[in-house]
Amino acid sequence: MNQEKIIVIDFGGQYNQLVARRVREANVYCEIYSYRTDIEKIKAMNPKGIILTGGPNSCYEEGAPTCSRELFEMGVPVLGLCYGAQLMNHVLGGHVCKAPVREYGKIEVTVDKSSKLFGDVSEKTICWMSHNDYIEKQAPGFRITGYTADCPVAVAECEEKKLYAIQYHPEVLHTQEGSKMLRNFIYEVCGCEGTWKMDTFVENSIKAIREKVGDGKVLCALSGGVDSSVAAVMLAKAVGDQLTCVFVDHGLLRKNEGDEVEEVFGPNGPYNLNFIRVNAQERFYSKLKGVEEPERKRKIIGEEFIRVFEEEAKKIGAVDFLVQGTIYPDVVESGLGGESVVIKSHHNVGGLPDYVDFKEIIEPLRDLFKDEVRKAGLEMGIPEKLVFRQPFPGPGLGIRIIGEVTPEKVQIVQDADYIYREEIAKAGLDRGIGQYFAALTNMRSVGVMGDERTYDYAIALRAVNTIDFMTAEAAEIPWEVLGKVSSRIVNEVKHVNRVLYDCTGKPPATIEFE
Ligand code: XMP
27 MNQEKIIVID FGGQYNQLVA RRVREANVYC EIYSYRTDIE KIKAMNPKGI
77 ILTGGPNSCY EEGAPTCSRE LFEMGVPVLG LCYGAQLMNH VLGGHVCKAP
127 VREYGKIEVT VDKSSKLFGD VSEKTICWMS HNDYIEKQAP GFRITGYTAD
177 CPVAVAECEE KKLYAIQYHP EVLHTQEGSK MLRNFIYEVC GCEGTWKMDT
227 FVENSIKAIR EKVGDGKVLC ALSGGVDSSV AAVMLAKAVG DQLTCVFVDH
277 GLLRKNEGDE VEEVFGPNGP YNLNFIRVNA QERFYSKLKG VEEPERKRKI
327 IGEEFIRVFE EEAKKIGAVD FLVQGTIYPD VVESGLGGES VVIKSHHNVG
377 GLPDYVDFKE IIEPLRDLFK DEVRKAGLEM GIPEKLVFRQ PFPGPGLGIR
427 IIGEVTPEKV QIVQDADYIY REEIAKAGLD RGIGQYFAAL TNMRSVGVMG
477 DERTYDYAIA LRAVNTIDFM TAEAAEIPWE VLGKVSSRIV NEVKHVNRVL
527 YDCTGKPPAT IEFE
């Protein structure tokens, strides 16, 4: 593929993925590589530009991540951000040291509008700073094109060599005109044309997969989630019936979900692939009988999943490729992009099957962020219902039922969850909330229905807003919506006489209710 690309070199900063994302939002393809990547490899990629990210180290300390001088002598434009800016100056002969005043937060930067980076940017502009070190003296040949009250070299450049160093973070939204600055680098400095769009990505990926697979056989485990579905459709488009998808229905999916997956991937769907649905509900229910402890339930479900998948894979026999729906955030970097890659199994409980006979893994989405995966899905015509599915844990409803899992309880939580989701969507809140679902508490209490005393379960409703799923806050759902959901649940779902709303954040709770 000969598409124009920008390379982001990762020095371990927290916004690295954002940098790549902003570049792609500007319609230029972008990949992230570790700072350890060999310079020859970078040259061979023929990038239109290189961006050096931020990072937690001090570039003048021994053992700090670094780069060779050659990187700045290739004639390729380089933009250094924060640590990257300091490193560029350090390597090229400037002086970087601990700043007398540490800058953190939104800071006004005065920029020189004659710089290519700032043509359409306000002279005084709010930027996001986060640094302990600073460039005390810029490298020879550089001129200062931005400063703050405490940072004399907030931006420096050597226009002739197309080298730019920015102390703040244009990639975060707090930098009000950051996207403009990055676009200016991409278009005015690197001279990109901006031809990268999701449709070309999809088209190119399909072509590349077709070439790679040849007439080989491909196996994909479908979970019904967004990532594995999008990966499966891409493969189906590339190699048609050389692809076999195995969908294990463990009986712990949301209401109707199994059938929805079958509608898309099954024999009546639009794709010409081999679809195997394994209805393994009974197997899972019997393994889960009498088990109350959440971790134990997770283990049982994960292991059983793998056993079922392996049995199917054995029937199929040896394949050439196994498809994984790994996406960029799953590529665990230990802070340094792509350094140590962990392969997540499609449903990410329990790991990769041991006995599946395959030669190579295909991960067509490993460079994409979740929202880009969704865009790719829409681009390929996958129904919105599937593309905008919220995150759903591999162990499914098994961990949204407190205590023992039984088929009756699964039905209660499915029905309650269905009503909850329906009302949230009707109220137009569905795309605005990070994750929401119903869980079945193990608590029964006294209620009254008609003239009858009841002794039934309480359903817990959960809804959270979160950016990274590591922390979360309870979402504020309008009272009328909660009232409607609660009255429908107690009226329509048997064995439920109370509905509770979980107001807890994470921490101290988790997002799941298990
Ligand atoms: P917790 O409950 O740990 O959840 O706050 C954080 C996010 O992870 C999802 N989750 C899982 N996803 N397999 C998954 O694919 C799992 O086993 C699993 N457990 C939790 C959860 O839904 C939330 O989005």
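So for the sequence shown, this note's numbering puts the first residue at 27; every next one is plus one.
For each residue, glycine too, the CB sits at the ideal point set by N, CA and C.
All of these numbers come straight from a predicted model, not from anything done at the bench.
Distance between beta carbons of residue j and residue i, contact taken as under 8 Å
{"i": "Ile-35", "j": "Thr-79", "result": "7 Å"}
{"i": "Asp-482", "j": "Val-511", "result": "Not quite, the Cβ-Cβ distance comes to about 17 Å (not below 8 Å), so this is no contact."}
{"i": "Met-406", "j": "Val-228", "result": "6 Å"}
{"i": "Val-49", "j": "Ile-192", "result": "In fact, because the Cβ distance is near 14 Å, the residues do not count as touching under 8 Å."}
{"i": "Tyr-160", "j": "Val-181", "result": "The Cβ separation is near 12 Å, so there is no contact."}
{"i": "Phe-539", "j": "Arg-426", "result": "6 Å"}
{"i": "Val-382", "j": "Glu-336", "result": "6 Å"}
{"i": "Pro-73", "j": "Val-117", "result": "18 Å between Cβ atoms; not a contact."}
{"i": "Phe-301", "j": "His-276", "result": "So it is not a contact: roughly 17 Å between Cβ atoms."}
{"i": "Tyr-462", "j": "Tyr-444", "result": "Wrong, their Cβ atoms sit about 12 Å apart, outside the cutoff."}
{"i": "Glu-329", "j": "Val-272", "result": "At roughly 17 Å, the Cβ-Cβ gap does not stay under 8 Å, so Glu-329 and Val-272 are not in contact."}
{"i": "Tyr-173", "j": "Leu-143", "result": "Not really, about 14 Å apart at Cβ, beyond 8 Å."}
{"i": "Ile-232", "j": "Lys-263", "result": "5 Å"}
{"i": "Val-399", "j": "Ile-459", "result": "The Cβ separation is near 19 Å, so there is no contact."}
{"i": "Val-147", "j": "Met-207", "result": "6 Å"}
{"i": "Phe-395", "j": "Arg-47", "result": "6 Å"}
{"i": "Leu-97", "j": "Gly-106", "result": "Not a contact, Cβ separation roughly 10 Å."}
{"i": "Ala-257", "j": "Gly-351", "result": "4 Å"}
{"i": "Gly-250", "j": "Glu-283", "result": "6 Å"}
Residue i Cβ short of 7 Å to the ligand XMP heavy atom set
{"i": "Ile-537", "result": "yes"}
{"i": "Gln-10", "result": "With the chain covering only 27 through 540, there is no way to say anything about residue 10."}
{"i": "Phe-168", "result": "no"}
{"i": "Lys-520", "result": "no"}
{"i": "Gly-420", "result": "yes"}
{"i": "Lys-532", "result": "yes"}
{"i": "Phe-495", "result": "yes"}
{"i": "Gln-461", "result": "yes"}
{"i": "Pro-417", "result": "yes"}
Beta carbon of residue i nearer than 8 Å to that of residue j
{"i": "Leu-44", "j": "Glu-197", "result": "yes"}
{"i": "Val-259", "j": "Arg-415", "result": "no"}
{"i": "Thr-467", "j": "Ala-484", "result": "yes"}
{"i": "Ile-65", "j": "Ser-84", "result": "no"}
{"i": "Ser-255", "j": "Gly-403", "result": "yes"}
{"i": "Val-244", "j": "Phe-347", "result": "yes"}
{"i": "Glu-499", "j": "Val-490", "result": "yes"}
{"i": "Gly-131", "j": "Gly-81", "result": "no"}
{"i": "Val-122", "j": "Ile-76", "result": "no"}
{"i": "Gln-202", "j": "Ile-152", "result": "yes"}
{"i": "Leu-487", "j": "Ala-451", "result": "no"}
{"i": "Gly-145", "j": "Asn-53", "result": "no"}
{"i": "His-195", "j": "Cys-56", "result": "no"}
{"i": "Leu-269", "j": "Leu-248", "result": "no"}
{"i": "Ile-515", "j": "Ala-442", "result": "yes"}
{"i": "Ile-428", "j": "Val-519", "result": "no"}
{"i": "Gly-561", "j": "Lys-323", "result": "As displayed, the chain neither begins before 27 nor continues past 540, which places residue 561 out of reach and without an answer."}
{"i": "Glu-30", "j": "Glu-219", "result": "yes"}
{"i": "Glu-318", "j": "Glu-430", "result": "yes"}
{"i": "Leu-455", "j": "Ile-503", "result": "yes"}
{"i": "Leu-261", "j": "Val-127", "result": "no"}
{"i": "Gly-422", "j": "Leu-526", "result": "no"}
{"i": "Ser-141", "j": "Glu-183", "result": "yes"}
{"i": "Phe-37", "j": "Pro-91", "result": "yes"}
{"i": "Met-224", "j": "Lys-341", "result": "no"}
Neighbour flag for residue i against chain B, beta carbons, 8 Å
{"i": "Gly-120", "result": "Among the protein chains of the structure shown there is no chain B, as only one such chain exists."}
Touching or not, the segment 278-296 and the segment 381-401, by the rule of three or more beta carbon pairs under 8 Å?
no
Under 8 Å: do the segment 135-148 and the segment 157-168 share three or more Cβ pairs, one atom per stretch?
no
At which residue ranges does the segment 89-122 contain complete beta strand (DSSP E) runs of 3 or more residues, listed in the order of the chain?
104-107
Can you give, in chain order, each stretch of the beta strand (DSSP E) that sits fully within the segment 174-212 and has at least 3 residues?
181-184, 189-192
Which runs of the alpha helix (DSSP H) spanning at least 4 residues fall entirely within the segment 417-477, listed in chain order?
433-452
Going residue by residue through the segment 242-309, where are the continuous alpha helix (DSSP H) segments of at least 4 residues, counting only ones entirely within it?
252-265, 283-291
Ignoring anything shorter than 3 residues, give me the beta strand (DSSP E) runs that lie fully in the segment 319-360, in order along the chain.
347-349
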